[in-house]
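Here's the structure we're looking at; comments come further down.
Number of protein chains: 2
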Amino acid sequence: MGLDLIILGAASATPTSNQYTTAQLLKMREHYFLIDCGEGTQKQLRRSKTKFSRINHIFISHLHGDHFFGLVGLLSTFHLLGRTSPLTIYGPPKLKDIVLTQFRAAGTFTSYPMHFVVTQHKVPQVLLETDSYTISSFPLKHRIATTGFLFKEKTLKRSLNKAAADAHGVPVCDYHWIKEGKNWTSDEGKEVSNDLLTFDPLPPLSYAFASDTMYTPDTAEYVKGVDLLYHESTFCEDKNERAKQTMHSTAAQAAQVAVEAGAKHLLIGHYSARYTDKRQFEEEAKAIFAEVFAARELCQYSLLQSGIKVKSVVPDKDEK
Amino acid sequence: MGLDLIILGAASATPTSNQYTTAQLLKMREHYFLIDCGEGTQKQLRRSKTKFSRINHIFISHLHGDHFFGLVGLLSTFHLLGRTSPLTIYGPPKLKDIVLTQFRAAGTFTSYPMHFVVTQHKVPQVLLETDSYTISSFPLKHRIATTGFLFKEKTLKRSLNKAAADAHGVPVCDYHWIKEGKNWTSDEGKEVSNDLLTFDPLPPLSYAFASDTMYTPDTAEYVKGVDLLYHESTFCEDKNERAKQTMHSTAAQAAQVAVEAGAKHLLIGHYSARYTDKRQFEEEAKAIFAEVFAARELCQYSLLQSGIKVKSVVPDKDEK
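Each protein sequence line maps, in turn, to chains A and B.
Going by my numbering, 245 is the number at position 245 of the first sequence; the sequence numbering is gapless.
Going by my numbering, 580 is the number at position 260 of the second sequence; the sequence numbering is gapless.
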């Protein structure tokens, strides 16, 4: 059990012949969430062998093209594949109009219901809450209205320690009370405390996505104590001024946010095409925050309570 | 001298992990014309090593996503590359609104002037005419308003036969009259006919793009005598009924149009993803029209007066 994050695109501004712009697939508690959708995201989803029908929620951070130009193509492909289950899209107010204008021009209406949830860019906002997780947005500081997204698992119920239950002579018909957290009383009136009959649930995990944004101490406040923080790092320190002008961050600033937030791990990405070697980002961030990974496309970052595991999601010789 | 056509995408409906939807780059008389622009076209242009700044005219056949979902991304990249020269986009009425809505949402205005020319889908229309070529649109028969495009070179001026001019004693200062088609008269009053002093220009070439469309005899009328006809062939004969329902063509129907038009060569494409082997299309078309090629992505089809040469535009080991 853990969170799996597949990086579909980690380049900024424009795709190049072998790099894609921002898109990520988060798998949390058996649910799939697509975060941003740069041009060609559907190609990367296919390469990562993702089942399209498992995606029911798409989150768009802002309306710069490198974060959503692949959306209408993906929605159109869902339609052509005959999807029928509802899809919810979370994003800035104008997103709905952009999508519907294109479907209308094609004279097409999707085979599935499409719901739009408008994100607020000035205050944090709970977007989706279930028994199992909460997903919210929070303001970022960029040239246009932009939000980050915070994905938080909820604590699961305690799970039965079957060996202990047997040892205390608990009959199977009482298991469901124990799983609800109740103590158990035997026919003889002996009470056994619930914590002797159950295991602690695994601590819940959390993931925060913050792109695009310049450094602001507010970000750390919004994602306090997060297990994994993805923070854009468009530039290295040599382009500190350029980062400021364009309202982007450097790798060092991303690391600074991770420190201030008390994050456990940091993933950086949204690289400017002027850097060919991504290690420079990693090194500059590492000088400030040790637990850093430089995002690589078509790699999966599996967040566990014990740490992070990284693996490629495509066979070595596959096209990227 | 000839027309070069690079196939950037030849798949229909949706891109797959290694195939792109419709886009073609035509090079005619030193000018570059982009025809349709499916998602990921900018990636394919990069792979074909095309200089983006040489594209000044983009033609969009219709507003089904597989023919234009890559357009706004490409326009955005032009902007990010600092383009300043004007760009003209030819397409259906709603295209302008679709493009501008997205730029407005990003708070961006392009660094270059963008002109939109609205195509008519009920009558043929000259879109662009210079001394060197004429480009026009013509109606196709599809589920929404769709046009084909016809690119016709004009006959060049006769070129000087320098050896003949020397033999007749023509002084250099009279060359320009001869190139204009005038006869030449010597100081002694001897007249030499222009055709003895000049070479015939190469016959002008023409290319027609017809996608998407069902079979209609009108298409042949619009492209009569064309040197190279690209005609969609979404299906093979086994899906003849499906072709009719969706208003697409089979390979045999594409070949039939080539016969009726008296085309010299036929290129077929816009393949349905249900066919893995493209040779089936080629074989079915060849039974009706011999000079057929099944379009392959990232291949260049060079149309010369003597025939067609095909070559890949990417090194063998490059990603596709």
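Idealized CB from N, CA, C, for every residue including glycine.
If you're wondering where the values come from, they're calculated on a predicted model, not measured in any experiment.
Take residue i and list the residues in its own chain whose beta-carbon comes closer than 7 Å to its own, dropping the five residues that flank it on each side.
i, result
"Ala145 (chain A)", "His62, Pro92, His121"
"Ala484 (chain B)", "Leu516, Leu517"
"Ser513 (chain B)", "Asn503"
"Cys357 (chain B)", "Ala343, Ile378, Ile380, Phe388, Gly390, Leu391, Leu394"
"Ser111 (chain A)", "His79, Gly82, Arg83, Thr84"
"Met387 (chain A)", "Residue 387 (chain A) lies beyond the range of chain A shown here (1 to 320); nothing can be said about it."
"Lys510 (chain B)", "none"
"Glu237 (chain A)", "Thr250, Ala252, Glu284"
"Arg374 (chain B)", "Tyr352"
"Gln362 (chain B)", "Gly390, Gly393, Leu394, Thr397"
"Leu346 (chain B)", "Leu323, Leu325, Phe353, Ile355, Phe471, Tyr527"
"Asp174 (chain A)", "Trp184"
"Arg29 (chain A)", "Ser132, Tyr133, Glu153"
"Asn481 (chain B)", "Leu517, Thr518, Phe519"
"Gly40 (chain A)", "Pro15, Tyr20, Gly70"
For residue i, write down the residues that DSSP places opposite it in a beta bridge.
i, result
"Pro139 (chain A)", "A:Thr147"
"Ala321 (chain A)", "Residue 321 (chain A) lies beyond the stretch modelled for chain A, which goes from 1 to 320, so this question has no answer here."
"His585 (chain B)", "B:Leu548"
"Val438 (chain B)", "B:Gly411"
"Met348 (chain B)", "B:His351"
"Lys631 (chain B)", "B:Gln620"
"Phe69 (chain A)", "None, per the DSSP bridge assignment."
"Phe293 (chain A)", "A:Leu267"
"Tyr666 (chain B)", "As displayed, chain B neither begins before 321 nor continues past 640, which places residue 666 (chain B) out of reach and without an answer."
"Phe180 (chain A)", "Note that residue 180 (chain A) is Glu in the sequence shown, not Phe. Glu180 (chain A) pairs with nothing; no bridge assigned."
"Thr570 (chain B)", "B:Phe555"
"Glu191 (chain A)", "A:Thr185"
"Ala23 (chain A)", "A:Gly9, A:Cys37"
Is residue i near residue j, with beta carbons less than 7 Å apart?
i, j, result
"Lys152 (chain A)", "Ser132 (chain A)", "no"
"Phe609 (chain B)", "Ala575 (chain B)", "yes"
"Ala530 (chain B)", "Thr536 (chain B)", "no"
"His384 (chain B)", "Phe353 (chain B)", "no"
"Leu300 (chain B)", "Gln600 (chain B)", "Past the edges of chain B, shown from 321 to 640, lies residue 300 (chain B), and the structure says nothing about it."
"Lys606 (chain B)", "Thr533 (chain B)", "no"
"Pro444 (chain B)", "Phe458 (chain B)", "yes"
"Asp324 (chain B)", "Ser632 (chain B)", "no"
"Ile409 (chain B)", "Phe436 (chain B)", "yes"
"Thr21 (chain A)", "Asp66 (chain A)", "yes"
"Glu297 (chain A)", "Ala10 (chain A)", "yes"
"Val630 (chain B)", "Cys619 (chain B)", "yes"
"Met114 (chain A)", "Leu87 (chain A)", "yes"
In chain order, what residues of the same chain have a beta carbon less than 6 Å from the beta carbon of residue i, not counting five sequence neighbours either side?
i, result
"Glu319 (chain A)", "Bear in mind that a pLDDT of 46 at Glu319 (chain A), under 50, signals an unreliable position, so the model cannot answer this."
"Ser206 (chain A)", "Lys152, Val226, Asp227"
"Phe579 (chain B)", "It should be noted that the sequence gives Val, not Phe, for residue 579 (chain B). Here the set comprises Phe609."
"Ala294 (chain A)", "Ile268, Lys278, Phe281, Glu282"
"Val118 (chain A)", "Pro93"
"His585 (chain B)", "Leu548, Glu611, Ile628"
"Arg463 (chain B)", "Met567"
DSSP on residue i, reduced to helix/strand/coil?
i, result
"Gln319 (chain B)", "The requested residue 319 (chain B) does not occur in the structure, where chain B is confined to residues 321 to 640."
"Lys606 (chain B)", "helix"
"Phe601 (chain B)", "helix"
"Thr505 (chain B)", "strand"
"Gly411 (chain B)", "strand"
"Phe59 (chain A)", "strand"
"Ala10 (chain A)", "coil"
"Thr198 (chain A)", "strand"
"Glu557 (chain B)", "helix"
"Thr596 (chain B)", "coil"
"Glu260 (chain A)", "helix"
"Tyr453 (chain B)", "strand"
"Thr101 (chain A)", "helix"
"Leu156 (chain A)", "coil"
"Thr77 (chain A)", "helix"
"Val492 (chain B)", "helix"
Take residue i and list the residues in its own chain whose beta-carbon comes closer than 8 Å to its own, dropping the five residues that flank it on each side.
i, result
"His488 (chain B)", "Trp504, Ser506, Val512, Leu516, Leu517"
Quick one: does the C-beta of residue i sit closer than 6 Å to a heavy atom of the ligand SAM?
i, result
"Leu3 (chain A)", "Only the bare structure without any ligand can be found here, which leaves the ligand SAM out of the picture."
query = Do the region 566 to 574 of chain B and the region 493 to 512 of chain B touch if we need at least three Cβ pairs shorter than 8 Å?
reply = no
Given 8 Å, three or more beta-carbon pairs between the region 230 to 244 of chain A and the region 258 to 271 of chain A = yes
task = Determine, using beta-carbon pairs with one atom in the region 71 to 88 of chain A and one in the region 98 to 106 of chain A, whether at least three such pairs fall under 8 Å.
result = The region 71 to 88 of chain A vs the region 98 to 106 of chain A: in contact.
ask   = Does the pairing of the region 336 to 351 of chain B with the region 36 to 50 of chain A give three or more beta-carbon distances under 8 Å?
value = yes
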